Structures are given as structure tokens and as C-alpha cells.
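Trainee:
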Amino acid sequence: MSQLSRNTVVDVFSRVSSSAAPAYPLGDILLRMPPGNRSHRISLFCIFCAFSSAAAVAQSTHYSVKLEPDFERQLLRGDETIEFQADAGEIEWQKQAGLRLAIANIANGEVTVAEQAVRVRLRSGGRHSLKLKYTAAAGRGIQWFAGAAPHREDSQDSGFATAFYCEAWMVCDNSPGQRATLRLEIVIPFKEGGNLGFRAVGPGGPGREWRGRDGDHFVFEQDDPVQTYLFSFGVARLAVAIDGMFSIYAQRMDANRAAFAKTADAYNFLRAAASVDPLNAHYTQAFLPGRGMGQEAAGMALMSQDDLTNLAAKDDVQLMAHELAHQWWGVTLGIRSWSDFWLNEGFAEFMSDAYIEKHQGRPAYDKQIAELQDRMRKLREEGKDRPLHWEKWKDAHEALGQIPYVKGALFLDRLRTELGDEIFWRGIGLYTSGSARRLVDSIDFERAMEMASGRDLKALFDEAVYR
Ligand SMILES: [Zn+2]
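Just add 516 to wherever you are in the sequence shown, counting from 1, and you've got my numbering.
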């Protein structure tokens with residue numbers, strides 16, 4: 517997501533609900549624990565810090581979610597099936613307090629529902645499916661757009677978007693180490709007098725849509741497993757345009773021709789840098805009525821209508837390129853834990869600056885880097901500096917702070933200067949293509965850059981990444 521919009525989105529969402537479950541570097545914690553101690557230690561964490569995790573070894577493999585929005589009450593009605601593989605023992609998924617379960621069923625086990633978790637005690641290991649029905653109120657991770665009550669759905673700008681926190685609108689395992697496939701169906705119910713004119717936009721490529729007796733149906737399928745924070749989607753009064761592998765959803769389509777051309781140019785630049793195709797063959801940009809948005813998802817990005825205007829009229833390519841870069845650094849390569857969030861955000865930030873250099877010339881790149889240096893100076897003055905690889909997150913808010921963006925992009929610029937363009941870009945390609953469809957950490961990146969340069973970069977990485 518973009519740093520600017522992240523603040524807006526998180527702030528807006530946290531004002532609505534302060535009780536969201538923290539995202540947590542579960543992988544790292546598990547790795548540091550002796551195996552025999554795991555359940556015990558994790559249950560202690562749960563008691564002391566509302567820490568959400570899976571106690572038994574479990575992998576959620578597929579989520580099937582059907583949602584029906586109630587615009588007037590700003591509520592989502594959900595029907596969900598989680599397919600997962602697990603040993604006997606207790607498994608846990610996250611949910612926010614505003615997500616209220618009506619039904620939770622599983623064969624071969626017992627379900628208990630806590631304020632911010634759903635737990636299942638399984639009598640046997642193997643493949644299982646958990647079936648859930650619920651309602652989800654507005655919370656951190658769901659932004660309902662403007663519209664005056666009592667007929668919010670009548671406004672041109674009404675609708676909503678979900679961003680980052682899947683536990684706001686579904687029961688999910690939100691740890692980055694867990695990746696799953698998704699089938700998401702959104703049903704916009706008819707109102708007396710006809711349909712409401714809303715369209716849904718979601719992850720996984722162009723969706724299917726049809727008109728049923730109960731309303732308009734929109735289905736999105738993500739067939740390659742991804743982290744659940746990449747499941748975001750939006751619903752608004754949107755037109756859609758498709759140009760080959762790119763789609764644009766927006767309220768006003770006057771700028772789409774320019775946007776397609778700029779997106780294709782940035783795609784070609786990023787594809788060359790990555791040396792590998794992104795996980796999703798199709799890329800959708802949704803420009804929604806909400807302000808200050810910028811959230812990557814699998815095969816798509818959610819932005820604001822203003823961003824489309826700025827992209828076309830002012831040639832402001834930064835957010836477009838940043839979100840597009842996440843299709844490689846974020847979606848195709850997934851970070852193993854939040855400790856290495858800079859491998860998503862530092863890369864997306866740096867790649868958008870590198871694209872700006874290609875698009876607008878070196879002085880434009882130098883200006884971007886100078887601005888980052890200014891921001892870094894301020895962060896140091898405020899005592900907010902810390903290593904890029906950081907395992908001491910208290911919650912997702914901290915993990916999403918400015919350091920991964922600013923310090924991460926500056927470190928990549930420094931590596932580029934230190935190694936020279938040819939070796940640096942060869943290393944970026946080696947790292948990206950070599951780690952595609954895998955979970956990564958800072959060591960994977962260090963190894964690829966060492967291989968490309970033939971140099972021992974330990975001292976440099978120790979200083980910039982680990983200390
Ligand atoms: Zn980002």
C-alpha cells in the first residue's frame with residue numbers, strides 16, 4: 517500500500533474500531549521456540565497480549581466467501597467455508613470484534629468463538645472444512661464511503677472497500693506465513709424498483725458477473741495461493757474498461773486511455789527489472805470514491821478516483837507504479853513474516869522512483885531520493901529509526917510504519933550506487949525470479965545480491981538491515 521494512503525486508511529479504520537486483532541510475525545516466533553513448547557508458549561501469548569495464532573500445525577488452503585452488503589446498515593452478511601489441513605489439536609483463526617458469528621460448524625471437532633478469534637479443537641488430523649455464517653460491521657479494514665443516512669445507497673459516491681485486514685470481513689488466518697486460494701462472491705441485492713447499479717471489483721483477475729433472482733453476483737477467484745492481506749476488494753458505482761491484460765474500474769472513464777498506456781509502460785519497466793512474470797496474468801486498477809486509498813491485492817490495486825485524474829492529467833505515476841510493483845514484491849514474492857515488511861514496501865517505493873527516472877529522467881529520480889532522505893532525517897530526529905529487519909513489532913500498526921518504506925527505498929538506492937547499475941539490476945532480477953512463488957526474508961535478498969556481485973555484502977547488510 518502507499519505510505520500516504522496507509523495512514524489515511526489505518527486512521528479511518530481504527531477510529532471505527534479499536535479492537536482489531538494484531539497481525540504478528542508468527543513464523544519467527546515459532547522458529548525460535550523449541551517444538552515441545554509451542555502450544556504452551558502460544559497459549560501464554562494469547563492470555564497476555566491477545567496474540568492470535570494457530571497452536572496446532574495447520575494450513576488454511578482455501579477460503580470460499582459469499583458476502584451480501586447491506587448499504588443502509590453498513591453491514592456485510594457472510595457465508596464462509598475454510599478448507600484446511602491440520603493435525604489433531606487446537607487451530608485458531610482471527611476475526612474482529614465487529615464480526616459476529618451466527619453459525620460455526622465442523623465435522624470431527626468443536627468450535628469455540630472468542631471476541632477476536634475462532635478456535636477449533638480437532639479430534640483427528642487431515643483435511644477439514646469449517647463452515648461459518650456471520651455479519652461484519654464497519655471496522656478496521658472496511659471503509660464505507662460517504663452517503664447520507666437513511667438512504668446511503670442512493671449517493672453516487674456510496675459503496676465500500678476492504679483493505680489489508682481480512683479479519684474485518686471474514687474469518688481468516690492473517691499471518692503472512694499462511695497462503696491460501698480464494699473464491700469470493702459478492703451479491704448486491706435488488707431494491708424495490710430495480711438494481712442499485714453497484715459493481716464489485718476483486719482479486720484474481722477479471723471476475724464473472726451475472727444477474728440472479730436475488731441480485732447481481734460478482735465472483736472473483738484467486739487460484740494461486742497468496743497471503744490473506746491480499747484478498748481486498750471494493751464495491752461502488754463503477755464502469756469497467758479492459759485493454760488486454762489490464763482492467764480499469766472507475767466512476768468516470770474519461771482518463772482510461774492515458775491510464776492504460778502509462779500502466780503498460782510501467783509494467784514493461786518492472787517486468788524487465790523482475791526478470792519474471794507476476795503471479796497473476798491480469799492486473800486490475802480500481803479507482804474508488806474513497807479518498808487517500810492505495811492498497812495492493814492479488815492481481816489488483818485499490819486506489820482513489822482522484823489518483824486516476826492525477827495519473828492522466830498531471831502525469832503523476834508514482835502511486836500507479838508503486839502499487840503495480842507490489843504484483844512482484846508482495847504478491848509473487850511473499851514475506852515470511854512482518855519482520856521483513858521492507859521487502860514489500862521499500863521495494864515498491866524504490867521501484868516507483870526507478871520508474872520515475874525511466875519516465876521523467878534522472879533529475880526526477882534524484883528529487884525523489886532527496887525527499888526520502890529528508891523524511892529519514894526527520895524519522896531519526898523523532899527517535900523512530902530502527903533496523904529494516906525488525907522482529908519486535910507489537911502489532912500491525914507498528915509493522916506498517918514509515919521505516920520500511922523510507923529506509924528500505926534508501927537502502928536499495930545505496931546498494932545501486934555501491935554496486936553500479938549493471939550488477940544491481942542483475943541482482944534484483946536474480947532475487948525476484950529466483951524467489952518467485954516463495955516466501956522470502958532479508959537473507960534471500962542478501963544472497964542474491966552477493967551472487968550477482970561476487971562480493972561479501974555481510975557488513976553492508978548488517979549495518980543497514982540488521983543493526
Ligand atoms: Zn505499498
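Yeah, the Cβ is synthetic: ideal placement off N, Cα and C, and Gly gets one too.
For clarity, every value in this text was computed on a predicted model and none was experimentally measured.
Using only the heavy atoms of ligand 1, determine whether one of them is closer than 6 Å to the beta carbon of Met-517.
Mentor: Counting from 1 along the sequence shown, the entry for residue 517 is found at position 1. Result yes, Cβ under 6 Å from ligand 1.
Trainee: Name the residue from Thr-948, Ile-619 and Ala-925 whose alpha carbon lies nearest to the alpha carbon of Val-687.
Mentor: In the sequence shown, counting from the first residue as 1, residue 687 sits at position 171. Of the candidates Thr-948, Ile-619 and Ala-925, the one whose C-alpha sits nearest the C-alpha of Val-687 is Ile-619.
Trainee: If you run the structure through DSSP and keep just helix, strand and coil, what is Glu-584?
Mentor: The count along the sequence shown starts at 1 and reaches residue 584 at position 68. Note: Glu-584 maps to strand in three-state DSSP.
Trainee: Report the rounded CA-to-CA distance for Leu-795 versus Thr-848, giving the unit in angstroms.
Mentor: For the purposes of this step, residue 795 is identified with residue 279 of the sequence shown, where counting begins at 1. For the purposes of this step, residue 848 is identified with residue 332 of the sequence shown, where counting begins at 1. Spanning the two alpha carbons is a distance of roughly 5 Å.
Trainee: Closest Cβ-Cβ distance between Asn-772 and chain B: below 7 Å?
Mentor: Chain labels in this structure do not include chain B; a single protein chain is all it has.
Trainee: Indicate the three-state DSSP secondary structure (helix, strand or coil) for Leu-916 in the structure shown.
Mentor: Translated into the one-based positions of the sequence shown, residue 916 becomes position 400. If DSSP states are grouped into helix, strand and coil, Leu-916 belongs with coil.
Trainee: Nearest by alpha-carbon distance to Gly-693: which of Gln-575, Leu-926 and Lys-874 is it?
Mentor: Counting from 1 along the sequence shown, the entry for residue 693 is found at position 177. The candidate whose alpha carbon is nearest that of Gly-693 is Gln-575.
Trainee: Please state whether DSSP places Tyr-681 in a helix, a strand or coil.
Mentor: One-based indexing of the sequence shown puts residue 681 at position 165. Tyr-681 falls in the coil class under three-state DSSP.
Trainee: Mind listing, in chain order, the continuous beta strand (DSSP E) runs of no fewer than 3 residues lying wholly within the stretch 781-846?
Mentor: Here the runs fully enclosed are 799-804, 810-813 and 816-820.
Trainee: Taking 6 Å as the line, does the beta carbon of Glu-861 fall inside it for any heavy atom of ligand 1?
Mentor: Sequence index remark: in the sequence shown, residue 861 carries index 345 (1-based). The answer is yes for Glu-861.
Trainee: Determine the burial state of Thr-628: buried for a count of at least 16 other Cβ atoms within 10 Å of its Cβ, exposed for fewer.
Mentor: As a working note, residue 628 is residue 112 in the sequence shown. Thr-628 comes out exposed.
Trainee: Buried or exposed for Lys-923, going by 16 or more other Cβ atoms inside 10 Å?
Mentor: Counting from 1 along the sequence shown, the entry for residue 923 is found at position 407. That one is buried.
Trainee: Quick check: does the Cβ of Ala-814 come within less than 6 Å of any heavy atom belonging to ligand 1?
Mentor: For the purposes of this step, residue 814 is taken as the residue at position 298 of the sequence shown. No, the beta carbon of Ala-814 sits no closer than 6 Å to any heavy atom of ligand 1.
Trainee: Taking 6 Å as the cut-off, does the CB of Ala-864 come closer than this to any heavy atom belonging to ligand 1?
Mentor: Looking up residue 864 in the sequence shown gives position 348. Yes, the beta carbon of Ala-864 sits closer than 6 Å to at least one heavy atom of ligand 1.
Trainee: Can you have a look at Asp-856 and say buried or exposed, based on whether 16 or more other CB atoms are within 10 angstroms of its CB?
Mentor: Within the sequence shown, residue 856 is the residue found at index 340, counting from 1. Answer is buried; the Cβ neighbour count reaches 16.
Trainee: Kindly list the residues whose CB is nearer than 7 Å to the CB of Leu-824, restricted to its own chain and excluding five residues on each side of it in sequence; keep chain order.
Mentor: Along the sequence shown, read from residue 1 onward, the residue named residue 824 stands at position 308. Excluding positions up to five away in sequence, the list reads Ala-766, Ala-771, Ala-775 and Phe-803.
Trainee: Helix, strand or coil for Phe-714 per DSSP?
Mentor: Residue 714 sits at position 198 when you count from the first residue of the sequence shown. Looking at Phe-714 - three-state DSSP - the assignment turns out to be coil, as it is neither helix nor strand.
Trainee: Among the candidates Trp-854, Arg-715 and Ala-814, whose CA atom is the shortest distance from the CA of Asp-739?
Mentor: As a first step, residue 739 is located in the sequence shown; it is residue number 223 there, counting from the start. Residue Ala-814 is the option with its Cα nearest to Asp-739.
Trainee: Three or more beta-carbon pairs under 8 Å between the stretch 934-951 and the stretch 959-966, yes or no?
Mentor: The answer is yes - the stretch 959-966 touches the stretch 934-951, with three or more Cβ pairs under 8 Å.
Trainee: Can you tell me whether Trp-854 is buried or exposed? The criterion is at least 16 other CB atoms within 10 Å of its CB, across all chains shown.
Mentor: The residue labelled residue 854 in the question sits at position 338 within the sequence shown. It is buried - the Cβ of Trp-854 has at least 16 other Cβ atoms within 10 Å.
Trainee: Trp-844 and Leu-904: beta carbons closer than 7 Å?
Mentor: On the sequence shown, position 328 is the one that residue 844 refers to. On the sequence shown, position 388 is the one that residue 904 refers to. No, they are not a contact pair.
Trainee: Taking all protein chains shown into account, do 16 or more other C-beta atoms lie within 10 angstroms of the C-beta of Asn-690, making it buried, or fewer, making it exposed?
Mentor: By one-based count along the sequence shown, residue 690 stands at place 174. Answer is buried; the Cβ neighbour count reaches 16.
Trainee: With a floor of 4 residues, list each alpha helix (DSSP H) that falls wholly inside the stretch 850-904, ordered by position along the chain.
Mentor: Qualifying alpha helix (DSSP H) stretches, in chain order: 858-876 and 878-897.
Trainee: I'd like the list of long-range same chain contacts for Ile-872, defined as Cβ closer than 8 Å, with 5 residues on each side in sequence excluded.
Mentor: Stepping through the sequence shown from its first residue, residue 872 is reached at position 356. For Ile-872, where only same-chain residues beyond five positions count, the Cβ hits under 8 Å are Val-833, Gln-834, Ala-837, Ala-880, Tyr-881 and Gln-884.
Trainee: Can you tell me whether DSSP reads Ala-952 as helix, strand or coil?
Mentor: Numbered from its first residue, the sequence shown carries residue 952 at position 436. Ala-952: coil per DSSP, three-state reduction.
Trainee: Could you work out which residue in Met-816, Arg-768, Lys-894 and Ile-944 is closest to Asp-673 when comparing CA atoms only?
Mentor: Against the sequence shown, residue 673 aligns to sequence position 157. Considering only alpha carbons, the answer is Arg-768.
Trainee: Measure the Cβ-Cβ separation of His-578 and Thr-678 and say whether it is below 7 Å.
Mentor: Taking the sequence shown and counting its residues from 1, the one referred to as residue 578 is at position 62. Taking the sequence shown and counting its residues from 1, the one referred to as residue 678 is at position 162. Not a contact, by the Cβ cut-off of 7 Å.
Trainee: Which class does Ile-772 belong to by DSSP, given the choice of helix, strand or coil?
Mentor: Translated into positions along the sequence shown, residue 772 becomes position 256. Looking at the sequence itself, residue 772 is Asn, so the reference to Ile does not match. Three-state result, Asn-772: helix.
Trainee: Could you give the C-beta distance for Ile-851 and Val-735, rounded to a whole number, given that I count them as a contact under 8 Å?
Mentor: Indexing the sequence shown from 1 puts residue 851 at position 335. Indexing the sequence shown from 1 puts residue 735 at position 219. Contact flag wrong, Cβ pair sits at about 29 Å.
Trainee: Can the beta-carbon of Gly-718 be found closer than 7 Å to that of Phe-680?
Mentor: For the purposes of this step, residue 718 is taken as the residue at position 202 of the sequence shown. For the purposes of this step, residue 680 is taken as the residue at position 164 of the sequence shown. The answer is no: Cβ separation not under 7 Å.
Trainee: For Ser-791, which of Gly-605, Gly-945, Arg-983 and Arg-954 has the nearest alpha-carbon?
Mentor: For this step, residue 791 is matched to residue 275 along the sequence shown. Cα-wise, what sits closest to Ser-791 is Gly-945.
Trainee: Measuring straight from C-alpha to C-alpha, what distance separates Lys-649 and Arg-773?
Mentor: Along the sequence shown, one-based indexing puts residue 649 at 133. Along the sequence shown, one-based indexing puts residue 773 at 257. C-alpha separation (whole angstroms): 42 Å.
Trainee: Using only CA atoms, which one of Arg-643, Trp-609 and Arg-983 lies nearest to Glu-631?
Mentor: By 1-based counting over the sequence shown, the position of residue 631 is 115. The shortest C-alpha separation from Glu-631 is found at Trp-609.
Trainee: Whole angstroms is fine: what's the gap from Gly-675's alpha carbon to Leu-746's?
Mentor: For the purposes of this step, residue 675 is taken as residue 159 along the sequence shown, with counting starting at 1. For the purposes of this step, residue 746 is taken as residue 230 along the sequence shown, with counting starting at 1. Between Gly-675 and Leu-746, the C-alpha separation is close to 20 Å.
Trainee: In whole angstroms, what is the alpha-carbon distance linking Ser-640 and Ile-607?
Mentor: As a working mapping, residue 640 is identified with position 124 in the sequence shown. As a working mapping, residue 607 is identified with position 91 in the sequence shown. Approximately 12 Å, taken between the alpha carbons.
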